[in-house]
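Just below is one structure, and these are the notes that go with it.
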Amino acid sequence: MLDNLKEFFDKDENLLPYSIGALLYTPADNEKLSNYILEERFGKNYTQALCLEDTIPDKELEKAEDILVNTIKELARKAKESYAYYPKIFARVRDGKSMKRIHERLKEAETEFKKSGYIERNRKKSLQDYEEGKFSITTNRLLTGYIFPKFSLETAGDFLQALMEINKDSDEKIYGMPILESKDLLDISQRGERLNGIKNQLDSVKEYILNVRVGGNDLCNYFGIRRTLKNTIYDIRCVSNILGDIVTQFTPDYVVSGPVWEYFGGEGYKEAMKKEVELDILNGFIGKTVIHPNQIEVVTDTLKISREDYLDALNILEIALEKGGGVGRSLNRVRMDEYKTHYNWALKCLIISKIYGKKY
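Throughout, my numbering is defined as the position within the sequence shown, counted from one, plus 1.
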């Protein structure tokens, strides 16, 4: 691995799972969204989710799908002349049938987008931004993939079969992001077995799974709990225990993203949210679901790697390259840097610093 580090970092596909960052949820029936994206209303460092599930009444689902399709088509039409930042876009769907309908309706728009020249322009701009400590990773599609809510052993087959079917019908990879938030995870006696079963299902299509996500509010709801501005999700033991089991099961092989924080205004909300994002990172999560543009900057700023961690990460890899392993002192001489113990942490630090930058 050490001999191939440069090659690893030069491949967007290796960095892509870490680049979801702040995933902004918007109801799919928002008819102004394409204009907001073209105006860069929400900035240049977030991912967009168009929700067709809980935010849309059942009787409005067909209309919401129409609006989602029109949003993507409008972005495709404007791509030829646009220099705006297009975020990675995901559709949060209810079932596999919805995925296949949307995929079929967007074929023409995706072809138009691919021919627009936007992708090449954006890659050049991304390399310029990298010199300034920012790095935008995009895919070759407008709709990067689909989000699978309440993903469980019972629903996995439907979602994953649809994912593979639409990938067979596409010349570019289409990704999935399952959300673990179903009520069956509450049963302690069955949780480990169910999580292992879910992981086995995902492993069979691993190259198409970009993130594993968690539904903090859904899990809280099963217990009749809602955290206040003074609490983080980690103060709620019955929920944080479930999150810990998910991280333990999935993070060796997948990037797992943190739960939503529902406060986006009022005194102290930024500080409180920052505290939870810091705890997310400490507990193995990368990125976070957000429900308001005000929250995006909190997530991306908190993801930045400290100067101390960045220099130590480089030091750990240098120890391995120069000595073939071993141990040394951190550059500020306050902690131990050991290759075998800290290699995975160091690699993750360098990936995150490339995408989100560093704190100085």
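We put the CB at the ideal spot given by N, CA and C, even for glycine.
Straight through space, the alpha carbons of GLU272 and THR140 are spaced by roughly 33 Å. By the neighbour-count definition (other C-beta atoms within 10 Å, threshold 16), THR303 is a buried residue. The Cβ atoms of LYS101 and GLU166 lie closer than 8 Å to each other. Around the beta carbon of GLU279, fewer than 16 other beta carbons lie within 10 angstroms, which makes this residue exposed. Beta-bridge partners of PRO179 (DSSP): PHE149. Partner residues in the beta bridge of THR290, as assigned by DSSP, are LEU24. By the neighbour-count criterion, in which 16 or more other beta carbons inside 10 Å mark a residue as buried, GLY269 falls on the exposed side. For GLU339, the enclosing beta strand (DSSP E) stretches over residues 337-339. Judged by DSSP in its simplified three-state form, LEU283 adopts helix. For SER258, DSSP records a beta bridge to ARG214.
Buried is the label assigned to SER20, since at least 16 other Cβ atoms lie within 10 Å of its Cβ. Straight across, the Cα-Cα distance linking PHE10 with LEU154 is about 34 Å.
Nearest neighbour of GLN202 by Cα position, chosen from PRO179, TRP262 and LEU348, turns out to be PRO179. Here TYR264 has LEU230, TYR270, ALA273 and MET274 as same chain residues with Cβ atoms under 8 Å from its own Cβ, once five neighbours each way along the sequence are excluded. In this chain, the alpha helix (DSSP H) harbouring ALA163 covers 154-169. Per DSSP, reduced to three states, the secondary structure at ALA314 is helical. Nearest neighbour of ASP159 by Cα position, chosen from ASN316, GLY285, CYS350 and LYS98, turns out to be LYS98.
Check the Cα spacing between SER241 and each of GLY259, TYR255, PHE251 and ARG93: the tightest is with GLY259. With distances taken between CA atoms, ILE210 lies nearest to TYR255 out of TYR255, PHE91 and ILE287. One Cα belongs to ILE353, the other to SER205, and the distance between them is close to 27 Å. With contacts defined by Cβ atoms closer than 8 Å, LEU53 and ALA92 form a contacting pair. Taking THR48 as reference, the option from GLY22, GLU61, ASN316 and THR56 with the minimal CA-CA separation is GLY22.
Every alpha helix (DSSP H) stretch that sits fully inside the stretch 74-117 and reaches 4 residues is listed by chain position as 97-106 and 108-116. Between LEU196 and GLN162, the gap from beta carbon to beta carbon reaches 8 Å or more. For PRO150, the closest C-alpha among the options ARG214, TYR87, GLY118 and LEU144 is that of ARG214.
Of all C-beta pairs linking the stretch 175-192 to the stretch 112-123, fewer than three are shorter than 8 Å, placing the two stretches out of contact. Cβ contact annotation for GLY216 (same chain, cutoff 6 Å, sequence separation greater than five): ILE180 and GLU182, in chain order.
Secondary structure at LYS207: helix, using DSSP grouped into helix, strand and coil. Under DSSP, the beta-bridge partners assigned to ARG330 are MET337.
Beta-carbon to beta-carbon, ASN345 and GLU309 are separated by about 18 Å, too far to satisfy the 8 Å threshold. In the same chain as PRO18, and ignoring 5 residues on each side of it, the C-beta atoms closer than 8 Å to its own belong to LEU211, ASN212, TYR255 and VAL256, in chain order. For LEU39, the uninterrupted alpha helix (DSSP H) segment begins and ends at 34-39. For LEU187, there is no enclosing beta strand (DSSP E), as DSSP marks it with neither H nor E.
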